[in-house]
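Visitor: Quick note, the sequence shown lines up with residues 1 to 198 if you use the UniProt record's numbering. Ideal Cβ placement from N, Cα and C applies to all residues, glycine included.
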Amino acid sequence: MFHQQDDVNVSSEAPGGIKKHRGPNQKNWAMEGREKLLWNRFGLPKGPRLKVARFSRFLGILAKDFTLFPISTPDYRHFNASDNLERAWNRVKETIDWSNPWVASLEGKIKKRVKSKLNERWKQWKSELRKKWYKPFMNTPRRFQKPNDDRVNERQWKIFVANMDKKKHQNSKHQQKKSVSKEDEPINRDSNICKCRS
Numbered sequence: 001m002f003h004q005q006d007d008v009n010v011s012s013e014a015p016g017g018i019k020k021h022r023g024p025n026q027k028n029w030a031m032e033g034r035e036k037l038l039w040n041r042f043g044l045p046k047g048p049r050l051k052v053a054r055f056s057r058f059l060g061i062l063a064k065d066f067t068l069f070p071i072s073t074p075d076y077r078h079f080n081a082s083d084n085l086e087r088a089w090n091r092v093k094e095t096i097d098w099s100n101p102w103v104a105s106l107e108g109k110i111k112k113r114v115k116s117k118l119n120e121r122w123k124q125w126k127s128e129l130r131k132k133w134y135k136p137f138m139n140t141p142r143r144f145q146k147p148n149d150d151r152v153n154e155r156q157w158k159i160f161v162a163n164m165d166k167k168k169h170q171n172s173k174h175q176q177k178k179s180v181s182k183e184d185e186p187i188n189r190d191s192n193i194c195k196c197r198s
């Protein structure tokens with residue numbers, strides 16, 4: 001039910017041949033107070049459509065907030081140990097109208113869905129950063145330069161890159177171990193012999 005629309009890169013030719021890009025989403029959710037949404041019994045928003053899209057974008061923006069979800073954190077499960085996830089939920093909770101008893105009864109399910117969506121969006125954000133700003137500069141010092149994006153904290157970026165370098169190094173060592181262990185395996189010479197009845 002959530003719609004993916006974060007950072008859509010819509011390009012159009014402007015006069016003079018300069019490409020224009022849409023840029024990052026701006027918060028336009030709950031600007032005038034709490035928002036009323038319709039929810040299904042599983043805790044997913046189902047309407048009105050425009051509000052669901054805005055809510056989804058709001059969660060994407062929240063997942064990219066480096067004060068709540070640092071990219072230097074190696075695993076989303078670490079947020080459960082800190083209060084970051086609870087602070088994020090409180091920010092979301094403050095934007096939803098809970099006056100309907102049905103909606104209030106779904107709070108636990110909604111919270112679970114929101115946390116799941118934040119996890120998904122945070123991972124997607126890290127993947128985006130890796131693809132745009134780490135991989136193209138992988139073996140150069142340029143990879144440590146902070147991306148030209150205000151949503152990225154410089155200190156967190158350097159830790160993120162160091163973690164990626166470490167991961168890359170571990171993966172190459174693992175591949176080497178695999179190839180060495182295959183070389184050590186005895187070859188079964190009988191495997192190529194056709195066992196036919198005569």
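Could you name the residues of the same chain whose beta carbon sits closer than 6 Å to that of G43, not counting the 5 residues immediately before and after it, in chain order?
Guide: For G43, where only same-chain residues beyond five positions count, the Cβ hits under 6 Å are L106, K109, I110, R113.
Visitor: Closer than 6 Å by C-beta to V92: which residues in its own chain qualify, once you throw out the five before and the five after it? Chain order, please.
Guide: The residues are V114.
Visitor: Taking a contact to mean a Cβ-Cβ separation below 8 Å, would you say G47 touches L38 in this structure?
Guide: Yes, the Cβ-Cβ distance between G47 and L38 is below 8 Å.
Visitor: Considering only C-alpha positions, which residue in the set W122, P45, V161, N100 is nearest to P141?
Guide: Here the closest residue by C-alpha is V161.
Visitor: At what residues does the beta strand (DSSP E) containing K46 begin and finish?
Guide: 45-47 is the extent of the beta strand (DSSP E) around K46.
Visitor: For K123 and K51, I'd like the C-alpha separation in whole angstroms.
Guide: Spanning the two alpha carbons is a distance of roughly 24 Å.
Visitor: Report the three-state DSSP secondary structure of S198 (helix, strand or coil).
Guide: At S198 the pLDDT is 45, less than 50, meaning the model places this residue with poor confidence; the figure from the coordinates comes in the next sentence. Of the three classes helix, strand and coil, the one that applies to S198 here is coil, per DSSP.
Visitor: Per DSSP, what kind of secondary structure is L50 in: helix, strand or coil?
Guide: Helix, per DSSP.
Visitor: Answer yes if the stretch 151-159 comes into contact with the stretch 64-72, meaning at least three C-beta pairs across the two stretches below 8 Å, and no otherwise.
Guide: Segments in contact, yes.
Visitor: Under the three-state reduction of DSSP, which class applies to L118: helix, strand or coil?
Guide: Reduced to three states, the DSSP call for L118 is helix.
Visitor: Helix, strand or coil for W102 per DSSP?
Guide: Three-state result, W102: helix.
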